[in-house]
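J.:
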Amino acid sequence: MKRSSIIMILAALVMVAVWSSCKKSEKDVQAPLPDAETITTVQLKAVNVADSTDTVNAKWVQLVPSNPQSVDTSHAYLRLKKNASYTVNVYFLDETKTPADDITTEVRERANYHLVCFTPASGLNLTVNATDHDTHTPALPVGLTNLATTTGASAGNLNVTLHHQPDLKTGDCSLGSADANVNFSVTIY
Amino acid sequence: MVRVWSAMVSAIVIFLLAATATAQPCKYLVHGVVTDDGHHPVPGVIVRLMPDSVGMATDTTGSFSFSNVCQGTHKISFEAVGYKKLEQATDVTADKYFSITLSTSDNELGDVVISGEKVHELRTVLTDELKGKALLQTRGATLGESLKELPGLNSVQTGPGLSKPVIHGLHSNRVLIINNGIRQEGQQWGSDHTPEIDPFTANKITVVKGAASVRYGADAVGGVILLDPDPLPTTPGIHGNVYAIGASNGRVGTTSGMLQGAFGKKLEGLSWRVQGTYKQAGNFETPHYYLFNTGLKENDFSGTLGYKKKGFNFSVFYSHYNTQTGIFSGAQSNSPADLAAKMARSTPDVPSYFSYTINRSYQQVSHGLLKATAGYTFKNNAKVDMTFGRQEDLREEYDAGLPFTTSAALLAKPQLSFTLVTHSLDLVYTSAVRSGFSGTAGITGNTSGNVFSGLRYLIPNYRDYNAGAFAIERYNRGKFNFEAGLRYDYRWLRVYQRNANTLQLYNTTYGYNNVTGTIGATYHYNAHLSFTGNVGTAWRAPSINEMYINGEHFSNASYEVGDSSLKSERSLNTSLSVNYTNSKLRITADMYYNKIGNYIYAKPALASVTIISGTYPLFLYTQTNANIKGLDASLQYDLTNHLTFQSKTTIVLGYNESAHDYLVFMPANRYENGITYQGHKLGKLDEPYIGVENVTVSKQSRVPPNSDFAPPPAGYSLFNINGGFTMPLLKHLLTVSASVNNTTNVAYRDYLNRFRYYADDLGASYVLRLKYSF
Chain A
19 MKRSSIIMIL AALVMVAVWS SCKKSEKDVQ APLPDAETIT TVQLKAVNVA
69 DSTDTVNAKW VQLVPSNPQS VDTSHAYLRL KKNASYTVNV YFLDETKTPA
119 DDITTEVRER ANYHLVCFTP ASGLNLTVNA TDHDTHTPAL PVGLTNLATT
169 TGASAGNLNV TLHHQPDLKT GDCSLGSADA NVNFSVTIY
Chain B
1186 MVRVWSAMVS AIVIFLLAAT ATAQPCKYLV HGVVTDDGHH PVPGVIVRLM
1236 PDSVGMATDT TGSFSFSNVC QGTHKISFEA VGYKKLEQAT DVTADKYFSI
1286 TLSTSDNELG DVVISGEKVH ELRTVLTDEL KGKALLQTRG ATLGESLKEL
1336 PGLNSVQTGP GLSKPVIHGL HSNRVLIINN GIRQEGQQWG SDHTPEIDPF
1386 TANKITVVKG AASVRYGADA VGGVILLDPD PLPTTPGIHG NVYAIGASNG
1436 RVGTTSGMLQ GAFGKKLEGL SWRVQGTYKQ AGNFETPHYY LFNTGLKEND
1486 FSGTLGYKKK GFNFSVFYSH YNTQTGIFSG AQSNSPADLA AKMARSTPDV
1536 PSYFSYTINR SYQQVSHGLL KATAGYTFKN NAKVDMTFGR QEDLREEYDA
1586 GLPFTTSAAL LAKPQLSFTL VTHSLDLVYT SAVRSGFSGT AGITGNTSGN
1636 VFSGLRYLIP NYRDYNAGAF AIERYNRGKF NFEAGLRYDY RWLRVYQRNA
1686 NTLQLYNTTY GYNNVTGTIG ATYHYNAHLS FTGNVGTAWR APSINEMYIN
1736 GEHFSNASYE VGDSSLKSER SLNTSLSVNY TNSKLRITAD MYYNKIGNYI
1786 YAKPALASVT IISGTYPLFL YTQTNANIKG LDASLQYDLT NHLTFQSKTT
1836 IVLGYNESAH DYLVFMPANR YENGITYQGH KLGKLDEPYI GVENVTVSKQ
1886 SRVPPNSDFA PPPAGYSLFN INGGFTMPLL KHLLTVSASV NNTTNVAYRD
1936 YLNRFRYYAD DLGASYVLRL KYSF
């Protein structure tokens, strides 16, 4: 029993030694990687086909990832004229960087994996059709450049989603999962 | 993969050739039963038949059997902790039956070295074992799937490749895994974070169903799973075994091999073992379609070196586990909107074909374990053991989409990466048996550091220190065995973070301490009937994800918020087990009532959160008082000498006492009924058997509202067929086992499979397992 208590004490000492000798790499928490980009902003730019001075901008912003308090929708509205056609460009930005990183380039580079979809709420007299295409055969829409057509005066939400659809893009918006899924408030007057 | 299949084919050819070869004189059955002075069966006695056998342990009825024993003179030995070792020579010329009585080794002097397999140290807590033929039948399956054989166990799945064991409704960080004597420390904060263990390293799996913190420390709230290898060989020579397993569903090929030996003469006492496993699977198949991107690759190896001399023993063990697992592409939904679109479909939105290719998203996990032990056995059979362990667990998760970046280096990086390094040191003293008393006491300590790197944040870095001290005492008197134990644990946790705006480093420190205990007794009414009762406690500190998650949980399509002020979870588990055995009938009924205070769960807040990737339902981590009660019953009845009926029932009822409602994600009732024909000889085949079983799982009707995205799926009923035999082949033993799972190819979904929102479960699979021992 005496012997075992000596062994016990020795073991306890070894334990302490082992503990204090470990590397403590957890103390250095990884800082955000400067080259990693997150989508903070979905921006729409609509230009009236008949009158290029009629240009409308709207953006939906969330500056801190996963943080609902950092959502800013104060500019997430569009005013469009009735019975008109607009060219609508979509931009995905990382505004935590100065100047802001344009993620749209990467979406376009991987156009065969991506699809931007527009879903107007019922009652909103708006149709949006993609005018750009990827390199599939036959080519499928991408949705970064679109033609929006309005009819009568109305108001409602326009849902914009960026889907990534690796190996499964067919043009169907219900496939894959969404990197961005936001609502813009639209008024047609 | 071609290699695996060609190995399988050649193994089958060898087997067919062997079937026509001349029989070797290795056809005898040596079996028997071991009892103590009081005529009670003694389980866990190591029986060795030398020179051929590596040894086996007696089962709960004290029985053992060796088939295909060769003609000639053998030595048979019996060893168990607390009993005198017995060794005798025996001439085998026909089948032989032994009735062995072991006497207790009070004050026994001399050369007895207990090298037997470890008997688990809480004997009045509900326990089940998977070994021998039952274990062979699960070879090639994941650990979680293998253990579903046992009553009271279920598995929680994330598609076909990822499966975790569930004990009495609890899993993940409420189930502790002891792999080869070391607490497995991996990332356990998700249902897709499966145990990083190659089941082929174990030759016996013991499941402790109930609160067992007293011996094993924190986290043993649901129970403990102990994986143990065979003891190292002691007689000189080289032996080993090779497994070749093929399964049609997923076209899974698994090969595993083991070589072991002991040295004689000058190097006497030195022994070794090396072992390795390779496994590959492609897309698994439901009755109507393939599950795209569900392939996996796994390669593992381990090695052991042991030395024993004059009461001293030393060993060093190293194992490395490495796997890459594809995540079913049809189950990728970032938000409830995606999930709803997928649930509305009758078949998944992904291609359906077979391929071994693993695409994004996938996880890459590796786990290294180094274990060193030193022990000394005193003259009176008391012993002291010291165990040092170092584990390094690396988990990398690659999302379906490439990260948004222009940097080539970042494009190749996983979105999430965690490295968890754990050091542990345990010191355990086991006393000799003295006038019926025996005991175990020890101190344990471990420390872990978790380092996160990656592109999207999930949980912070941390360092923890855990220390515990325990003592368990047992007393055997007449028909009674008593057991009581007490333990104290302290946990220190420091969490390291960086302020999101200022990037300033800061940390927060937490301390937890708990006293746990156990008390239990077994009463042997007679040689057939025994009762065991136990009251035990267990505890668990809140895990890092429960404290610090704050954001969208992609795999759950929810937005979860942790709470760093959560307290320790404590359970008080009462169990009663009735065991009846006679020559024809074996019945075990285990009943339990597990009361869990401060039970931590993600409570639906009935509110939603809108962020740029969508609108999510909000879940808040909170604590409640819960209880889980249930019944595990098993029955075997020998209808004739060859025909056995077996039945297992698992019922789990989980209840949230504060909310007066059920607990979510508890297993549904499960019933298994089967009939097995066990022959003795069929032509040149020994011990042939064939059985058919029905597995029926009810619809889970005990669910709380608003806590799930879809109602529980309908119940289902599957038929499985199992068969096998052994035969001598080139002077050694070939064991063949075959199964057909889900024979009728039923399309079903299981409530505990996280991918049930998206796809059916697996269709029929034909499995062939060959094991050659030499």
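Taken in order, these protein sequences are the chains called A and B. If you number the first sequence the way the numbering used here does, the last residue is 207 and the count never jumps. If you number the second sequence the way the numbering used here does, the last residue is 1959 and the count never jumps. All residues carry an ideal CB built from backbone N, CA and C; glycine is no exception.
Please state whether DSSP places K1564 (chain B) in a helix, a strand or coil.
T.: Start at 1 with the first residue of the second sequence, and residue 1564 (chain B) comes out as number 379. It is coil, neither helix nor strand.
J.: Could you tell me whether any Cβ in chain A is nearer than 9 Å to the Cβ of R1458 (chain B)?
T.: As a working mapping, residue 1458 (chain B) is identified with position 273 in the second sequence. For R1458 (chain B), the answer is no, since every Cβ of chain A falls outside 9 Å of its Cβ.
J.: Taking Cβ-Cβ distances shorter than 7 Å, what residues in chain A pair up with A1685 (chain B)?
T.: Numbered from its first residue, the second sequence carries residue 1685 (chain B) at position 500. Going along chain A in sequence order, the residues near A1685 (chain B) (Cβ under 7 Å) are V82.
J.: What are the partner residues of C191 (chain A), as DSSP defines its beta bridges?
T.: Within the first sequence, the letter at position 173 stands for residue 191 (chain A). Its beta-bridge partners do not exist; DSSP assigns none.
J.: In this structure, how does DSSP classify K115 (chain A) when only helix, strand and coil are distinguished?
T.: The residue given as residue 115 (chain A) occupies position 97 in the first sequence. Here K115 (chain A) sits in coil by DSSP.
J.: What are the boundary residues of the alpha helix (DSSP H) that includes E1330 (chain B)?
T.: Taking the first residue of the second sequence as position 1, residue 1330 (chain B) is located at position 145. Its alpha helix (DSSP H) spans residues 1328 to 1331.
J.: Quick one: does F1804 (chain B) have its CB under 9 Å from some CB of chain A?
T.: Taking the first residue of the second sequence as 1, we reach residue 1804 (chain B) at position 619. Taking Cβ atoms only, chain A never reaches closer than 9 Å to F1804 (chain B), which makes this a no.
J.: Excluding sequence positions up to five away, which residues of its chain have a Cβ less than 6 Å from the Cβ of P1336 (chain B)?
T.: Here the question's residue 1336 (chain B) lines up with position 151 in the second sequence. Closer than 6 Å at Cβ, skipping near neighbours: D1817, S1819, K1833, T1835.
J.: Run through chain B and tell me which residues come within less than 9 Å of E275 (chain A), C-beta to C-beta.
T.: Chain A is shown from 19 up to 207; residue 275 (chain A) falls before or after that span and cannot be answered.
J.: Helix, strand or coil for S1357 (chain B), going by three-state DSSP, please let me know.
T.: Residue mapping note: residue 1357 (chain B) aligns to position 172 of the second sequence, counting from 1. It is helical.
J.: Relative to the alpha-carbon of T86 (chain A), which residue among B:E1737, B:S1749, B:G1839, B:Y1822 has its alpha-carbon at the smallest distance?
T.: Walking along the first sequence from the start, residue 86 (chain A) turns up at place 68. For clarity, residue 86 (chain A) is Pro in the given sequence; the question names Thr instead. Looking at the Cα atoms, B:E1737 is the closest of the given residues.
J.: Name the chain B residues whose beta carbon is nearer than 7 Å to that of Q48 (chain A)?
T.: Here residue 48 (chain A) refers to the residue found at position 30 when the first sequence is read from its first residue. The contacting residues are F1637, S1638.
J.: Within the 9 Å Cβ cut-off, does N1292 (chain B) reach chain A?
T.: By 1-based counting over the second sequence, the position of residue 1292 (chain B) is 107. Because N1292 (chain B) sits at a pLDDT of 34, beneath the cut-off of 50, its placement in the model cannot be relied upon, and the following sentence gives the value as read from the coordinates. Not closer than 9 Å to any Cβ of chain A, the Cβ of N1292 (chain B) fails to qualify, so no.
J.: What is the DSSP secondary structure of R1436 (chain B), counted as helix, strand or coil?
T.: Residue mapping note: residue 1436 (chain B) aligns to position 251 of the second sequence, counting from 1. Looking at R1436 (chain B) - three-state DSSP - the assignment turns out to be coil, as it is neither helix nor strand.
J.: In this structure, how does DSSP classify M1851 (chain B) when only helix, strand and coil are distinguished?
T.: Numbered from its first residue, the second sequence carries residue 1851 (chain B) at position 666. In this structure, M1851 (chain B) counts as coil in the three-state DSSP scheme.
J.: To the nearest angstrom, report how far apart V106 (chain A) and H154 (chain A) are at their CA atoms.
T.: For the purposes of this step, residue 106 (chain A) is taken as the residue at position 88 of the first sequence. For the purposes of this step, residue 154 (chain A) is taken as the residue at position 136 of the first sequence. If I take the Cα positions, the gap works out to 23 Å.
J.: Which residue comes first and which comes last in the alpha helix (DSSP H) that contains A1593 (chain B)?
T.: For the purposes of this step, residue 1593 (chain B) is identified with residue 408 of the second sequence, where counting begins at 1. Where A1593 (chain B) is concerned, the enclosing alpha helix (DSSP H) stretches over 1593 to 1596.
J.: So, is the C-beta of K63 (chain A) closer than 9 Å to a C-beta in chain B?
T.: What you label residue 63 (chain A) is simply residue 45 of the first sequence in a count that begins at 1. Closer than 9 Å: no.
J.: Beta carbon of L1848 (chain B), beta carbon of A1811 (chain B): below 9 Å?
T.: If you number the second sequence from 1, residue 1848 (chain B) lands on position 663. If you number the second sequence from 1, residue 1811 (chain B) lands on position 626. Contact flag set, yes.
J.: Indicate whether at least one CB of chain A lies closer than 9 Å to the CB of I1797 (chain B).
T.: Taking the second sequence and counting its residues from 1, one reaches residue 1797 (chain B) at position 612. With 9 Å as the cut-off, I1797 (chain B) counts as an interface residue toward chain A.
J.: Helix, strand or coil for I1199 (chain B), going by three-state DSSP, please let me know.
T.: Numbered from 1 along the second sequence, position 14 holds the residue referred to as residue 1199 (chain B). Residue confidence is low: I1199 (chain B) scores 48 on pLDDT, short of 50, so the model does not pin down where it sits. Its coordinate-derived value is still stated next. Three-state DSSP puts I1199 (chain B) in a helix.
J.: Only counting the same chain, and skipping five residues up and downstream in sequence, which positions put a Cβ closer than 6 Å to that of K1527 (chain B)?
T.: Residue numbering aside, residue 1527 (chain B) sits at position 342 when the second sequence is read from its first letter. The answer, listed in chain order, is S1518, Y1943.
J.: In terms of residues, what are the limits of the alpha helix (DSSP H) holding T123 (chain A)?
T.: Stepping through the first sequence from its first residue, residue 123 (chain A) is reached at position 105. That run of the alpha helix (DSSP H) goes 122 to 127.
J.: When the Cα atoms are used, what is the spatial distance from H182 (chain A) to T56 (chain A)?
T.: Start at 1 with the first residue of the first sequence, and residue 182 (chain A) comes out as number 164. Start at 1 with the first residue of the first sequence, and residue 56 (chain A) comes out as number 38. Going from the Cα of H182 (chain A) to the Cα of T56 (chain A) covers about 14 Å.
J.: Please state the DSSP three-state secondary structure of G1702 (chain B).
T.: Stepping through the second sequence from its first residue, residue 1702 (chain B) is reached at position 517. In this structure, G1702 (chain B) counts as strand in the three-state DSSP scheme.
J.: Against chain B, with Cβ distances strictly below 9 Å, would T155 (chain A) count as a contact?
T.: To locate residue 155 (chain A), count along the first sequence from 1; it is residue 137. No, because no Cβ of chain B sits closer than 9 Å to the Cβ of T155 (chain A).
J.: So which residues of chain A does L1595 (chain B) contact, with C-beta pairs closer than 8 Å?
T.: Reading the second sequence from its first residue, position 410 is the one you call residue 1595 (chain B). Under the 8 Å cutoff, chain A gives L51, D53, A54.
J.: Quick one: using the 10 Å Cβ neighbour count with 16 as the cut-off for buried, is V1794 (chain B) buried or exposed?
T.: On the second sequence, residue 1794 (chain B) is found 609 positions in, with the first residue counted as 1. When all chains shown are included, V1794 (chain B) counts as buried.
J.: Is the beta carbon of A1396 (chain B) sitting closer than 9 Å to the one on G1627 (chain B)?
T.: Stepping through the second sequence from its first residue, residue 1396 (chain B) is reached at position 211. Stepping through the second sequence from its first residue, residue 1627 (chain B) is reached at position 442. Contact: no.
J.: State the CB to CB distance for the pair N201 (chain A) and L176 (chain A), rounded to an integer number of angstroms; the pair is presumed to be in contact (CB under 8 Å).
T.: Taking the first residue of the first sequence as position 1, residue 201 (chain A) is located at position 183. Taking the first residue of the first sequence as position 1, residue 176 (chain A) is located at position 158. At roughly 7 Å, the Cβ-Cβ gap stays under 8 Å, so N201 (chain A) and L176 (chain A) are in contact.
J.: Where does G1736 (chain B) fall in DSSP's three states?
T.: Taking the second sequence and counting its residues from 1, the one referred to as residue 1736 (chain B) is at position 551. Of the three classes helix, strand and coil, the one that applies to G1736 (chain B) here is strand, per DSSP.
J.: Mind checking if Q1549 (chain B) is an interface residue toward chain A, Cβ cutoff 9 Å exclusive?
T.: For the purposes of this step, residue 1549 (chain B) is taken as the residue at position 364 of the second sequence. No, no contact with chain A.
J.: At least one CB of chain A closer than 9 Å to the CB of K1389 (chain B): is that the case?
T.: Along the second sequence, one-based indexing puts residue 1389 (chain B) at 204. By this cut-off, K1389 (chain B) is not an interface position.
J.: Alpha carbon to alpha carbon, what distance is there between G1461 (chain B) and K1451 (chain B)?
T.: The residue given as residue 1451 (chain B) occupies position 266 in the second sequence. The residue given as residue 1461 (chain B) occupies position 276 in the second sequence. Roughly 29 Å between the two C-alpha positions.
J.: Are the beta-carbon atoms of V1952 (chain B) and V1931 (chain B) separated by less than 9 Å?
T.: Within the second sequence, residue 1952 (chain B) is the residue found at index 767, counting from 1. Within the second sequence, residue 1931 (chain B) is the residue found at index 746, counting from 1. Not in contact: V1952 (chain B) and V1931 (chain B) (Cβ atoms no closer than 9 Å).
J.: Go ahead and pull the three-state DSSP assignment for L1914 (chain B).
T.: Counted from its first residue, the second sequence places residue 1914 (chain B) at position 729. It is a strand residue.
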